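Enquirer: Got a structure for you, questions after.
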Amino acid sequence: MSLNHDHLTIVDHPLVQHKLTIMRDKQTPTAVFRQVLKEISQLLAYEITRGLPMTRKAIETPMQEMEAPTLAGKKLALISILRAGNGLLDGVLELIPSARVGFVGLYRDEKTLKPVQYYFKVPEGLEDRMVIVVDPMLATGNSSVAAIDLLKKAGADHIRFLCLLAAPEGVVRMKEAHPDVPIVTAALDDALNDVGYITPGLGDAGDRMYGTK
Ligand code: URA
1 MSLNHDHLTI VDHPLVQHKL TIMRDKQTPT AVFRQVLKEI SQLLAYEITR GLPMTRKAIE
61 TPMQEMEAPT LAGKKLALIS ILRAGNGLLD GVLELIPSAR VGFVGLYRDE KTLKPVQYYF
121 KVPEGLEDRM VIVVDPMLAT GNSSVAAIDL LKKAGADHIR FLCLLAAPEG VVRMKEAHPD
181 VPIVTAALDD ALNDVGYITP GLGDAGDRMY GTK
């Protein structure tokens with residue numbers, strides 16, 4: 001399947017691109033990396049929540065009554081793919097504090113190279129919620145596809161995927177497996193290297209976030 005951009009949004013806003021460059025720079029210290037990730041996640045959240053269903057409710061301003069716009073339906077569900085997803089989650093949750101939160105933990109089986117679930121805890125009523133899955137790096141797409149498989153089994157059917165960087169391979173894989181899931185990212189990078197890292201990328205997002213390397 002070829003790569004086109006009809007289900008991929010690249011947020012090319014100057015603030016997003018400036019912050020992404022800080023994150024890519026290997027000299028950027030852990031604390032700054034985490035802080036900038038939080039800031040950028042809020043700008044990306046602004047984009048991914050565009051077009052959420054709205055309704056109106058009656059309120060009174062100090063001046064008069066009015067029918068004012070407000071979000072419709074059940075609270076959003078934010079689902080973090082462990083562990084790096086938590087870096088994006090923190091910022092998005094600050095912007096949407098009433099969202100419900102879930103976690104999906106997957107590891108790669110060394111023999112089969114397939115993702116294996118080790119943790120799954122998600123909010124109730126996924127079928128009635130907009131579900132935003134967060135993971136900074138859409139690399140091979142294997143863990144994202146597997147996480148979304150699990151969420152669909154749990155009832156989710158309005159899913160969006162938020163990442164910081166995407167590789168063409170991951171975008172194609174996601175589109176094949178989940179064509180109904182739009183992707184929002186800050187950049188579409190060149191390729192994956194032979195160990196599955198995005199190039200030019202920013203290295204291992206979890207390690208850079210938590211200083212584990
Ligand atoms: N996960 C990361 O943290 N970095 C990559 O480049 C790819 C996957």
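Residue numbering for the sequence shown follows UniProt numbering, beginning at 1 and increasing consecutively.
By construction, the Cβ of each residue, glycine as well, lies at the ideal position given by its N, Cα and C atoms.
For clarity, every value in this text was computed on a predicted model and none was experimentally measured.
Measuring from the CB of Y197, is there a heavy atom of the ligand URA at a distance below 7 Å?
Expert: yes
Enquirer: Measuring straight from C-alpha to C-alpha, what distance separates V11 and T30?
Expert: 24 Å
Enquirer: Hey, out of V104, C163, V184, whose CA is closest to A146's CA?
Expert: Selected option, being the one with the closest Cα: V104.
Enquirer: Where A166 and D6 are concerned, what is the direct C-alpha to C-alpha distance, given to the nearest angstrom?
Expert: Going from the Cα of A166 to the Cα of D6 covers about 15 Å.
Enquirer: With a Cβ-Cβ cutoff of 8 Å, do F120 and L82 count as a contact?
Expert: Cβ atoms of F120 and L82: not closer than 8 Å.
Enquirer: Tell me whether the beta-carbon of residue 221 lies closer than 8 Å to the beta-carbon of C163.
Expert: Because the chain here runs from 1 to 213, residue 221 falls outside it and cannot be looked at.
Enquirer: Return the bridge partner residues of E65 from the DSSP annotation.
Expert: E60
Enquirer: Between which two residues does the alpha helix (DSSP H) holding K152 run?
Expert: 142–153
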